[in-house]
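*Asks:* Mind looking over this structure? Questions follow.
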């Protein structure tokens, strides 16, 4: 589980903040501390704990131990900055979040494997509940349970939609073929806010690099019924080498089609109609 958490920590914490490294170190240090401690968690290896409820008990225990400082399990004074700056409790809280999200994604993966129709899949994915949400609530007592569950589920669903769409397009922009993860976006054909029933429909997604994602979102580009790139009348008011290189020269090219879930033709038709009605460049 340690390797999976490391990937999660570095993927969800801002690069350069050093949080991920501090969290991993903190959990390693706790394992060593518990190996020789006489407390109720004596001999505990945090990396082997997969019960989110037990981890929340540990979280509150560590909060108290950090308050006690050298009068508690940190009496030997080693790595004092970790308990003084509450890195230990922050690391456990982050590990609880990882476990809850990891189990939820496992559940979504299981549902995904049993469906081949995007709309039906979306309906089933939306129904899934986040288990052990009470563990997150106990680690964040300032927020109400419903707020925590709604916030977490929205974020996890959005992350899962991105995972499905990018995987479906082999992690390449369907317009240019760019395979750079940092600039790839899972673009909704029908927006997240306007079409709740298709929020998790992989056929409602296109893998686009950032520039084309922005252009698609603003209805400056779309695709015809044969999945060829279309330019709106609004974007055709521009000129210059950059415009020609990024847009004009690509007009009419077919997108690279996904492995499983083709773009929904009806959703794409609606997007195309709005795009082709645009006569003037939209405001930034």
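Residue numbers (the UniProt record's numbering): 1 to 284. Where a beta carbon is used, it is the ideal one built from N, C-alpha and C, also for glycine. Model, not experiment: these values are computed from the prediction.
Check each candidate in 9, 3, 232 and 233 and name the one with the smallest Cα separation from residue 48.
*Replies:* For the purposes of this step, residue 48 is taken as the residue at position 48 of the chain shown. Ranking the options by Cα distance to residue 48, first place goes to 3.
*Asks:* How many whole angstroms separate the CB atoms of residue 189 and residue 263, which I take to be in contact at a CB cut-off of 8 angstroms?
*Replies:* Taking the chain shown and counting its residues from 1, the one referred to as residue 189 is at position 189. Taking the chain shown and counting its residues from 1, the one referred to as residue 263 is at position 263. 6 angstroms between Cβ atoms; contact.
*Asks:* Would you check if the distance between the CB atom of residue 56 and the CB atom of residue 135 is smaller than 8 angstroms?
*Replies:* Walking along the chain shown from the start, residue 56 turns up at place 56. Walking along the chain shown from the start, residue 135 turns up at place 135. Cβ atoms of residue 56 and residue 135: closer than 8 angstroms.
*Asks:* Taking all protein chains shown into account, decide if residue 274 is buried (16 or more other Cβ within 10 angstroms of its Cβ) or exposed.
*Replies:* Numbered from its first residue, the chain shown carries residue 274 at position 274. The residue is exposed, with fewer than 16 neighbouring Cβ atoms inside 10 Å.
*Asks:* Measure the alpha-carbon distance for residue 225 versus residue 172 and round it to whole angstroms.
*Replies:* Along the chain shown, one-based indexing puts residue 225 at 225. Along the chain shown, one-based indexing puts residue 172 at 172. Cα to Cα, the separation comes out at about 21 angstroms.
*Asks:* For the pair the stretch 88-102 and the stretch 8-19, tell me if three or more CB-CB distances fall below 8 angstroms.
*Replies:* The stretch 88-102 is in contact with the stretch 8-19.
*Asks:* Going straight from the alpha carbon of residue 261 to that of residue 176, what length do you get?
*Replies:* By one-based count along the chain shown, residue 261 stands at place 261. By one-based count along the chain shown, residue 176 stands at place 176. Rounded to whole angstroms, residue 261 to residue 176 spans 19 angstroms at the Cα level.
*Asks:* Anyone know if the C-beta pair for residue 98 and residue 156 falls short of 8 angstroms?
*Replies:* Locating residue 98 in the chain shown gives position 98, where the first residue counts as 1. Locating residue 156 in the chain shown gives position 156, where the first residue counts as 1. No, they are not a contact pair.
*Asks:* Alpha carbon to alpha carbon, how far is residue 83 from residue 41?
*Replies:* As a working mapping, residue 83 is identified with position 83 in the chain shown. As a working mapping, residue 41 is identified with position 41 in the chain shown. Residue 83 and residue 41: Cα-Cα distance of roughly 17 angstroms.
*Asks:* In the structure shown, what three-state DSSP assignment does residue 150 receive?
*Replies:* In the chain shown, counting from the first residue as 1, residue 150 sits at position 150. It is helical.
*Asks:* I need the DSSP call for residue 177, collapsed to helix, strand or coil.
*Replies:* Reading the chain shown from its first residue, position 177 is the one you call residue 177. Reduced to three states, the DSSP call for residue 177 is coil.
*Asks:* Between residue 298 and residue 166, how many whole angstroms is the CB-CB distance? I'm expecting something under 8 angstroms.
*Replies:* The structure shown does not extend to residue 298, since the chain spans only 1 to 284, so no value can be given for it.
*Asks:* For residue 221, list the residues DSSP reports as bridge partners.
*Replies:* On the chain shown, residue 221 is found 221 positions in, with the first residue counted as 1. Its beta-bridge partners are 231.
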